[in-house]
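Residue numbers (the working numbering), protein chains in the order written: chain A, 5 to 301; chain B, 120 to 474. Virtual Cβ for every residue (Gly too), placed ideally from N, Cα, C. As the structure is a computational prediction, the values presented were derived from the model and not from experiment. A short write-up of the structure that comes next.
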Amino acid sequence: MPPVQVRGEVFSIKPVGDYFAMTVVASGIAEQTKPGQFVAVAVSGDNGAMLLRRAFSIYQVADRGIYGGTVEFVFAVHGKGTAWLASRRPHDPIDVVGPLGRPFKLPAQPANCVLVGGGYGAAPLFLLADALRKRGCRVDFVLGAANADRLFGALDAKRMAASVAFTTDDGSYGDQGRVSDVLPEVIERTHADVVYACGPMAMLAAVHTVAADAYHGAGIPSQLAVEESMACGVGVCMTCVLPVIGDDGETRMARSCVEGPVFAGDRIRWDALGTVPADALGAAAMMAPTELAEQNT
Amino acid sequence: MNDVTIRTTADATPPADIDMSTALAGLTVSDPVFTASGCAAAGRELSPFNDLRAIGGVVTKSIQLAPRSGRPTPRMAETPSGMLNSIGLQGPGIDSFLDNDLSWLADNGVCAAVSIAGSSVDDYAKLATRLRGQPVGLIEVNISCPNVEDRGQVFACDAGAAAAVVSAVRRAAPNGVPVFAKLSPDVTDIVAIAKSCVDAGADGLSLINTTLGIAVDPTTLRPMLAGVTGGLSGPAIRPLAVRCVWQVHAALPHVPLMGIGGIRTGVDALEFIAAGASAVQVGTVIFNDPSAPSRISRELRAALAERGIDRLRDAIGIAHRPPQIAVPEEPDPPGDEIAEPAFLPRNVQFEEASP
Numbered sequence: 005m006p007p008v009q010v011r012g013e014v015f016s017i018k019p020v021g022d023y024f025a026m027t028v029v030a031s032g033i034a035e036q037t038k039p040g041q042f043v044a045v046a047v048s049g050d051n052g053a054m055l056l057r058r059a060f061s062i063y064q065v066a067d068r069g070i071y072g073g074t075v076e077f078v079f080a081v082h083g084k085g086t087a088w089l090a091s092r093r094p095h096d097p098i099d100v101v102g103p104l105g106r107p108f109k110l111p112a113q114p115a116n117c118v119l120v121g122g123g124y125g126a127a128p129l130f131l132l133a134d135a136l137r138k139r140g141c142r143v144d145f146v147l148g149a150a151n152a153d154r155l156f157g158a159l160d161a162k163r164m165a166a167s168v169a170f171t172t173d174d175g176s177y178g179d180q181g182r183v184s185d186v187l188p189e190v191i192e193r194t195h196a197d198v199v200y201a202c203g204p205m206a207m208l209a210a211v212h213t214v215a216a217d218a219y220h221g222a223g224i225p226s227q228l229a230v231e232e233s234m235a236c237g238v239g240v241c242m243t244c245v246l247p248v249i250g251d252d253g254e255t256r257m258a259r260s261c262v263e264g265p266v267f268a269g270d271r272i273r274w275d276a277l278g279t280v281p282a283d284a285l286g287a288a289a290m291m292a293p294t295e296l297a298e299q300n301t
Numbered sequence: 120m121n122d123v124t125i126r127t128t129a130d131a132t133p134p135a136d137i138d139m140s141t142a143l144a145g146l147t148v149s150d151p152v153f154t155a156s157g158c159a160a161a162g163r164e165l166s167p168f169n170d171l172r173a174i175g176g177v178v179t180k181s182i183q184l185a186p187r188s189g190r191p192t193p194r195m196a197e198t199p200s201g202m203l204n205s206i207g208l209q210g211p212g213i214d215s216f217l218d219n220d221l222s223w224l225a226d227n228g229v230c231a232a233v234s235i236a237g238s239s240v241d242d243y244a245k246l247a248t249r250l251r252g253q254p255v256g257l258i259e260v261n262i263s264c265p266n267v268e269d270r271g272q273v274f275a276c277d278a279g280a281a282a283a284v285v286s287a288v289r290r291a292a293p294n295g296v297p298v299f300a301k302l303s304p305d306v307t308d309i310v311a312i313a314k315s316c317v318d319a320g321a322d323g324l325s326l327i328n329t330t331l332g333i334a335v336d337p338t339t340l341r342p343m344l345a346g347v348t349g350g351l352s353g354p355a356i357r358p359l360a361v362r363c364v365w366q367v368h369a370a371l372p373h374v375p376l377m378g379i380g381g382i383r384t385g386v387d388a389l390e391f392i393a394a395g396a397s398a399v400q401v402g403t404v405i406f407n408d409p410s411a412p413s414r415i416s417r418e419l420r421a422a423l424a425e426r427g428i429d430r431l432r433d434a435i436g437i438a439h440r441p442p443q444i445a446v447p448e449e450p451d452p453p454g455d456e457i458a459e460p461a462f463l464p465r466n467v468q469f470e471e472a473s474p
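In structure tokens form, the structure reads like this:
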């Protein structure tokens with residue numbers, strides 16, 4: 005099913021720690037959402053000065069009967085766009101496109117799964133945990149954040165998982181440290197077969213390294229949802245790219261909105277994030293004086 | 120120009136009866152709204168949100184001979200009513216484009232306006248040659264690229280270089296397919312560049328491309344884009360674009376123009392038509408509203424109907440002509456029929472006001 009654009013309305017907005025959780029009546033999106041997909045939300049109104057959509061992982065979906073389906077997403081106020089979003093009230097109109105992006109791949113057979121979330125990056129992991137449990141998978145969580153107020157989904161995780169490990173940078177909740185500090189122990193203890201994660205790029209890089217080194221270097225696969233800055237969310241603007249290795253072994257600047265946001269950890273060129281590696285497809289064409297090109301179309 | 124039939128709004132026909140067709144040199148389309156290059160990829164990603172057969176067509180992201188990776192990130196910065204981008208023309212190259220993208224547009228009945236870009240005159244000529252025998256409705260030449268044979272001087276900023284590219288493309292391009300040159304606003308005299316392109320064989324002109332800008336990150340106090348400079352687009356540049364269309368239409372009234380720059384609504388599109396554009400392209404608004412091409416087409420039709428204009432073609436350049444739009448009339452002045460007032464006020468005298 006292709007994504008849809010819905011002129012929905014705000015059903016509810018509530019503060020959750022340092023974040024906001026917004027539920028939007030947007031029928032057509034909820035019904036087809038898969039774990040790891042996201043919505044792109046227009047901010048500042050039809051005549052507003054902020055043109056770029058804000059992308060958020062889908063946290064929960066529900067069928068609300070007469071209201072139509074709802075989708076819930078979590079955001080932090082980072083700038084004017086998210087501040088505008090935080091000032092919405094129930095029944096305010098809101099324009100949402102979704103579900104977008106490639107979801108997490110699920111194991112074909114029951115497997116032991118560790119789900120790692122950083123801050124509100126944990127949001128898409130709960131739909132994922134549901135889907136995994138329905139397939140008979142074991143689910144364990146590792147949730148980390150800068151401090152206790154920025155941990156997201158602790159109660160959800162405790163309710164759904166066989167075990168939950170918490171880390172905070174300041175030690176205000178759980179172990180002091182990073183998720184990647186406790187992840188090796190969790191993998192070993194739970195006999196994990198696969199790691200899923202969503203959060204900041206630096207965290208994903210660390211999670212990938214732990215997963216790749218697990219079981220004395222035998223390694224286990226990781227499915228990682230990246231957070232790249234996006235403008236359109238639908239694959240036309242080419243801003244959310246990162247270097248990714250394709251099935252043919254070639255590195256391409258892949259759009260995280262349509263080719264991601266979920267990538268296998270071993271496909272991301274961690275060494276070259278934020279750059280165009282010299283061996284990427286088409287990088288040679290950039291070496292010419294076309295580097296002087298100041299203008300794109 | 121055609122005589123315009125202006126009807127009063129009272130007998131305005133329903134929007135369905137508006138003739139939206141327009142002529143772009145050899146190409147006649149049933150709708151004047153196109154997607155702008157670089158804002159729609161090659162169309163496919165927008166098909167869930169638009170009936171692309173019902174709009175004028177898709178101007179593809181500029182295609183080059185070889186695949187290009189584009190520039191490092193960050194590639195985009197939001198600015199007031201606009202954005203800066205520095206993508207670096209990421210694209211698959213002409214071979215993949217013909218096999219995967221152009222064929223998709225043709226199979227789905229979408230009019231393909233193919234944008235081509237190169238770093239030498241020869242690149243452009245080769246690309247135009249590759250389009251022979253292909254299902255192409257129009258060729259748009261993106262000349263806002265640096266010329267490797269002239270120290271990186273941008274073709275669009277030099278009348279001679281722009282003409283050399285246009286002339287080479289016109290000679291190499293398939294017969295009967297109109298060639299439009301897309302002009303940069305970052306020039307001293309856009310009319311001079313426009314004339315030079317037309318003299319070199321351009322069948323029409325697309326105006327405008329983005330204008331250069333820089334944004335500095337307030338936290339790091341460094342440029343926000345990895346490429347430092349970026350192209351500014353969006354409603355912020357609309358008056359600049361309308362001015363360019365106005366000037367070029369005034370100088371070259373018989374050359375069809377595609378108006379581009381910050382169009383967000385059907386009324387915005389009508390502004391370009393009135394300034395002299397035969398068609399419009401919508402770009403940055405697509406990032407805000409992926410269904411914008413269809414919406415703007417609908418709104419433009421309604422905007423024409425509301426103004427009692429039956430045919431889009433009648434509105435082209437209308438802003439250059441004496442007022443013709445019927446303004447709702449006041450009742451006839453009552454003239455001499457004023458009755459004697461029953462009461463007249465006294466004539467008040469004022470004292471000098473002391474400071």
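| query | result |
| --- | --- |
| Cβ neighbour criterion (16 or more within 10 Å) applied to V143(A) | buried |
| Residue-chain proximity (L296(A), chain B), Cβ-Cβ < 7 Å | With a pLDDT of only 43 at L296(A), under the threshold of 50, the placement of this residue in the model should not be trusted; the figure read from the coordinates follows. Taking Cβ atoms only, chain B reaches closer than 7 Å to L296(A), which makes this a yes. |
| R163(A) classed as buried or exposed, judged by whether at least 16 other C-beta atoms fall within 10 angstroms | exposed |
| Neighbourhood of Y177(A) by C-beta, 7 Å cutoff - its chain only, sequence neighbours within 5 removed | A152, L155, F170 |
| Paired residues, beta bridge with L143(B) - DSSP | L146(B) |
| Cα-Cα separation, M54(A) to L277(A) | 27 Å |
| Residues bridged to Y23(A) [DSSP beta-bridge criterion] | V20(A) |
| I191(A) - DSSP class collapsed to helix/strand/coil | helix |
| Inter-residue Cα distance where the pair is A135(A) and V28(A) | 22 Å |
| Exposure of N121(B), with buried meaning 16 or more beta-carbon neighbours within 10 Å | The predicted model places N121(B) with a pLDDT of 45, which falls under 50 and marks its position as unreliable; any figure quoted below should be read in that light. The residue is exposed, with fewer than 16 neighbouring Cβ atoms inside 10 Å. |
| CB contact below 7 Å: V75(A) versus chain B | no |
| Other residues of its chain near D99(A): CB distance less than 6 Å, five sequence neighbours each side excluded | R11, A46 |
| Endpoints, the beta strand (DSSP E) within which S226(A) is located | 226 to 229 |
| Rounded separation between P225(A) and A278(B) - CA only | 57 Å |
| Bridge partners - M195(B), DSSP secondary structure assignment | N204(B) |
| Ordered list of beta strand (DSSP E) runs contained in the segment 348 to 423 of chain B, each at least 3 residues | 349 to 352, 376 to 379, 398 to 401 |
| For M343(B) and M195(B), the rounded distance between their alpha carbons | 8 Å |
| 7 Å CB neighbourhood of S239(B) in its chain, flanking five on each side removed | N266, V267, E268 |
| Inter-residue spacing [alpha-carbon to alpha-carbon] between A284(A) and L208(B) | 15 Å |
| Three CB pairs or more closer than 8 Å across the segment 141 to 155 of chain B and the segment 394 to 402 of chain B | yes |
| Local conformation of A152(A) per DSSP, three classes | helix |
| Beta-carbon gap between V285(B) and G320(B) smaller than 7 Å | yes |
| L371(B) versus F24(A): straight-line alpha-carbon distance, rounded | 55 Å |
| Start and end residues, alpha helix (DSSP H) containing L171(B) | Unbroken run through L171(B): none, as it is neither H nor E. |
| CB contact flag (I206(B), M242(A), <7 Å) | yes |
| M5(A), buried or exposed, once every other Cβ within 10 Å from all chains shown has been counted against 16 | exposed |
| Among V152(B), E459(B), E471(B), A411(B), the one whose alpha carbon lies nearest that of D50(A) | A411(B) |
| Nonlocal neighbours in the same chain, by C-beta distance under 8 Å from R259(A), ignoring five residues either side | G239, M242, C244, V245 |
| Proximity of V148(B) and A159(B) at Cβ, strictly below 7 Å | no |
| Alpha carbon of A30(A) to alpha carbon of T192(B), nearest angstrom | 32 Å |
| Neighbour flag for T339(B) against chain A, beta carbons, 7 Å | no |
| DSSP state of L110(A) mapped onto helix, strand, coil | coil |
| Where N294(B) meets chain A, residues with beta-carbon distance less than 9 Å | Correct list: empty, because the minimum Cβ distance to chain A is about 26 Å. |
| Which residues DSSP lists as bridging M291(A), in chain order | The partner list for M291(A) (beta bridge, DSSP) is empty, contrary to what the question assumes. |
| Within 7 Å, strictly: CB atoms of K314(B) and E259(B) | no |
| Beta-carbon spacing of V280(A), S188(B) below 7 Å | yes |
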